[in-house]
Amino acid sequence: MTDALRPAADFLSRRSVPAPQAPAVRPRRLRTTPAMRRLAREHVVDPSALILPVFVREDIDGPRPVEAMPGVVQHTLDSLRREAAACAEAGIGAIDLFGVPAIRDEAGTAAWAEDGILNRGIAAVREEVGDEVVVCADTCLDEFTSHGHCGLIRPDGPRAGEVDNDATLATYQAMAVSQAEAGAHMVSPSGMMDGQVAAIRTALDATGHDEVAILAYSAKYASAYFGPFREAVGSTLTGDRRTYQQDPANRREGLREVMLDIEQGADIVMVKPAGPYLDVLADVAAASPVPVAAYQVSGEYAMVEAAAQRGWIDRERVIAESVLGIVRAGADVVLTYWAREIAENPALR
Numbered sequence: 001m002t003d004a005l006r007p008a009a010d011f012l013s014r015r016s017v018p019a020p021q022a023p024a025v026r027p028r029r030l031r032t033t034p035a036m037r038r039l040a041r042e043h044v045v046d047p048s049a050l051i052l053p054v055f056v057r058e059d060i061d062g063p064r065p066v067e068a069m070p071g072v073v074q075h076t077l078d079s080l081r082r083e084a085a086a087c088a089e090a091g092i093g094a095i096d097l098f099g100v101p102a103i104r105d106e107a108g109t110a111a112w113a114e115d116g117i118l119n120r121g122i123a124a125v126r127e128e129v130g131d132e133v134v135v136c137a138d139t140c141l142d143e144f145t146s147h148g149h150c151g152l153i154r155p156d157g158p159r160a161g162e163v164d165n166d167a168t169l170a171t172y173q174a175m176a177v178s179q180a181e182a183g184a185h186m187v188s189p190s191g192m193m194d195g196q197v198a199a200i201r202t203a204l205d206a207t208g209h210d211e212v213a214i215l216a217y218s219a220k221y222a223s224a225y226f227g228p229f230r231e232a233v234g235s236t237l238t239g240d241r242r243t244y245q246q247d248p249a250n251r252r253e254g255l256r257e258v259m260l261d262i263e264q265g266a267d268i269v270m271v272k273p274a275g276p277y278l279d280v281l282a283d284v285a286a287a288s289p290v291p292v293a294a295y296q297v298s299g300e301y302a303m304v305e306a307a308a309q310r311g312w313i314d315r316e317r318v319i320a321e322s323v324l325g326i327v328r329a330g331a332d333v334v335l336t337y338w339a340r341e342i343a344e345n346p347a348l349r
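Quick note: the sequence shown uses the numbering used here, first residue 1, plus one each step.
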């Protein structure tokens with residue numbers, strides 16, 4: 001008996017407590033060395049399963065930092081090309097493009113303009129990386145409308161001022177077709193309009209783009225974690241999006257939305273945000289016959305970066321653990337602003 005154990009042994013012997021038996025099962029055997037832990041690891045983060053969200057802006061002459069998201073910038077077309085090339089070199093699976101136009105209008109018409117910033121960004125990235133990286137595009141009006149909503153606003157009548165679900169679907173069709181024509185491998189409807197996936201699939205197939213995939217934002221919640229993203233896209237939103245994005249209180253509804261999108265032709269379904277909704281993600285992963293994505297959103301990213309800047313957390317370990325947790329919950333694909341850093345740094349995997 002070691003001297004360190006004697007006080008506890010004396011305490012227990014005075015109370016006639018039997019000595020503990022040596023355990024027959026020792027799970028710690030698989031934790032003894034880094035090599036052993038790697039051998040027994042159940043989940044890994046693969047760079048090819050990561051998607052990097054990127055922003056391309058129209059009216060700047062150099063990359064512009066997003067203050068609320070340290071390390072993230074709004075790109076020019078030239079810097080976007082360099083980012084895409086770096087992503088291809090790092091082995092990242094995909095890039096998801098968001099456009100920031102100089103001029104916005106009520107209908108968001110720059111969203112599907114051939115010379116619009118998003119479609120020019122798609123063309124530039126496709127030209128730079130070809131098929132080495134999946135080129136995905138955000139298919140939503142919010143960055144392009146003067147009111148900042150994801151759909152068209154009813155101008156009059158008893159429901160004036162509301163987002164008009166059915167009228168918006170045609171604009172999503174126009175966006176998706178224009179994005180496919182610009183070179184997108186995949187389009188990503190994020191507006192949470194009922195029927196958006198079916199409408200987009202119909203439009204793509206009718207125009208000969210049946211090979212273009214749909215990554216559907218299927219379970220997207222009306223989340224406070226989206227805040228920093230609004231700076232990144234220069235959002236003009238007034239009010240909120242609670243009439244079309246999901247109530248954070250609802251778990252079953254997330255799975256219902258996912259299954260509807262699968263019925264309508266979604267190739268990949270998504271839960272957004274990721275970290276605060278791991279229960280929904282696990283439900284979806286257990287039920288979905290198609291790959292499942294999760295978006296580690298701007299607020300999740302910003303909180304880690306802010307805490308790390310203050311020395312409150314081990315930045316690299318928290319990044320690795322947060323993304324691994326999303327994969328462990330069932331995500332086949334993770335959208336994260338750390339995608340390139342994770343791919344380039346094995347310590348983060």
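Here a beta-carbon is modelled for each residue, glycine too, at the ideal position from N, C-alpha and C. This one's a predicted model, so the numbers in the text were calculated from it and none came from an experiment.
Do T139 and G208 have their C-beta atoms closer together than 9 Å?
-> Along the sequence shown, one-based indexing puts residue 139 at 139. Along the sequence shown, one-based indexing puts residue 208 at 208. For T139 and G208, no; Cβs fall outside 9 Å.
For M69 and S298, believed in contact at Cβ under 8 Å, the rounded distance = By one-based count along the sequence shown, residue 298 stands at place 298. By one-based count along the sequence shown, residue 69 stands at place 69. The Cβ separation is near 6 Å, so the contact holds.
Grab me the residues of G121's own chain with a C-beta within less than 7 Å of its C-beta, minus the 5 sequence neighbours each way, in chain order.
-> By 1-based counting over the sequence shown, the position of residue 121 is 121. If we look at G121 and ignore the five residues flanking it on each side, its Cβ neighbours are V56, L77, L80, L97 and G99.
Near R340, which residues of its chain fall below 7 Å by C-beta distance, leaving aside the five closest residues on each side in sequence?
-> The count along the sequence shown starts at 1 and reaches residue 340 at position 340. Closer than 7 Å at Cβ, skipping near neighbours: L52, A86, C87, A90 and I92.
Do the region 253-267 and the region 156-167 meet, that is, are 3 or more Cβ pairs less than 8 Å apart?
-> no
Of the choices G62, W338 and Y225, whose alpha-carbon is the least far from that of Y277?
-> Numbered from its first residue, the sequence shown carries residue 277 at position 277. The shortest C-alpha separation from Y277 is found at Y225.
Residue environment, G254, which counts as buried when at least 16 other CB atoms sit within 10 Å | Within the sequence shown, residue 254 is the residue found at index 254, counting from 1. Label assigned to G254: buried.
For Q74, does the three-state DSSP call read helix, strand or coil?
-> For the purposes of this step, residue 74 is taken as residue 74 along the sequence shown, with counting starting at 1. In the structure shown, Q74 falls within a strand segment according to DSSP collapsed to helix, strand and coil.
Endpoints, the alpha helix (DSSP H) within which Y301 is located = As a position in the sequence shown, residue 301 is number 301, starting the count at 1. Residue range S298 to Q309 is occupied by the alpha helix (DSSP H) that includes Y301.
Can you list the alpha helix (DSSP H) stretches of 4 or more residues lying completely in the region 236-290, in chain order?
-> 252-264 and 278-287
Strand pairing of S190, partner residues [DSSP] | Numbered from 1 along the sequence shown, position 190 holds the residue referred to as residue 190. In the DSSP output, where bridge partners are listed per residue, S190 has none listed.
Endpoints, the alpha helix (DSSP H) within which T202 is located = By one-based count along the sequence shown, residue 202 stands at place 202. Here the alpha helix (DSSP H) through T202 covers Q196 to A206.
Around the C-beta of P158, are 16 or more other C-beta atoms found within 10 angstroms, so that it is buried, or is it exposed?
-> Here residue 158 corresponds to residue number 158 of the sequence shown, with the count starting at 1. Burial call: exposed.
According to the neighbour-count rule (16 or more other Cβ atoms, all chains shown, within 10 Å of its Cβ), is V375 buried or exposed?
-> The structure shown does not extend to residue 375, since the chain is modelled only from 1 through 349, so no value can be given for it.
Take R31 as the anchor and find which of R41, P23, A24 and V323 has the nearest alpha-carbon.
-> One-based indexing of the sequence shown puts residue 31 at position 31. For R31, the nearest C-alpha among the options comes from R41.
Which class does I103 belong to by DSSP, given the choice of helix, strand or coil?
-> Position 103 of the sequence shown, counted from the first residue, corresponds to residue 103. The answer is coil: DSSP assigns I103 none of H, G, I, E or B.
Leaving aside the five residues before and after G116 along the sequence, list all residues of the same chain whose C-beta is less than 7 Å from its C-beta, in chain order.
-> The residue you call residue 116 lines up with position 116 of the sequence shown. Excluding residues within five positions, the ones whose Cβ falls inside 7 Å are G99, P101 and A110.
Scan the region 114-141 and note each continuous beta strand (DSSP E) run of 3 residues or more that stays entirely inside, going in chain order.
-> 134-139
Output the distance between the C-alpha atoms of Q368 and K220, rounded to the nearest integer angstrom.
-> Residue numbering for the chain in the displayed model covers 1 to 349; residue 368 lies beyond these limits and cannot be assessed.
Report the partner residues of T145 according to the DSSP bridge assignment.
-> Along the sequence shown, read from residue 1 onward, the residue named residue 145 stands at position 145. Looking at the DSSP assignment, T145 forms a beta bridge with D105.
What residue from R104, A343 and G330 has the CA that sits closest to L237's CA?
-> In the sequence shown, the residue the question calls residue 237 occupies position 237. The residue with the shortest Cα to Cα distance from L237 is R104.
Helix, strand or coil for V318 per DSSP?
-> Residue mapping note: residue 318 aligns to position 318 of the sequence shown, counting from 1. Reduced to three states, the DSSP call for V318 is helix.
Three-state secondary structure (DSSP) of Y337 | Taking the first residue of the sequence shown as position 1, residue 337 is located at position 337. DSSP places Y337 in coil when its eight states are reduced to three.
Rounded to the nearest angstrom, how far is the Cβ of A213 from that of A285, given a contact under 8 Å?
-> Translated into positions along the sequence shown, residue 213 becomes position 213. Translated into positions along the sequence shown, residue 285 becomes position 285. About 19 Å separates the two Cβ atoms, so there is no contact after all.
Nearest-angstrom Cα distance between S146 and G108?
-> Stepping through the sequence shown from its first residue, residue 146 is reached at position 146. Stepping through the sequence shown from its first residue, residue 108 is reached at position 108. Cα to Cα, S146 sits roughly 7 Å from G108.
Would you identify the three-state DSSP class for S218, choosing helix, strand or coil?
-> To locate residue 218, count along the sequence shown from 1; it is residue 218. In this structure, S218 counts as strand in the three-state DSSP scheme.
Report the rounded CA-to-CA distance for G151 versus V327, giving the unit in angstroms.
-> Translated into positions along the sequence shown, residue 151 becomes position 151. Translated into positions along the sequence shown, residue 327 becomes position 327. In this structure, the alpha-carbon of G151 lies about 32 Å from that of V327.
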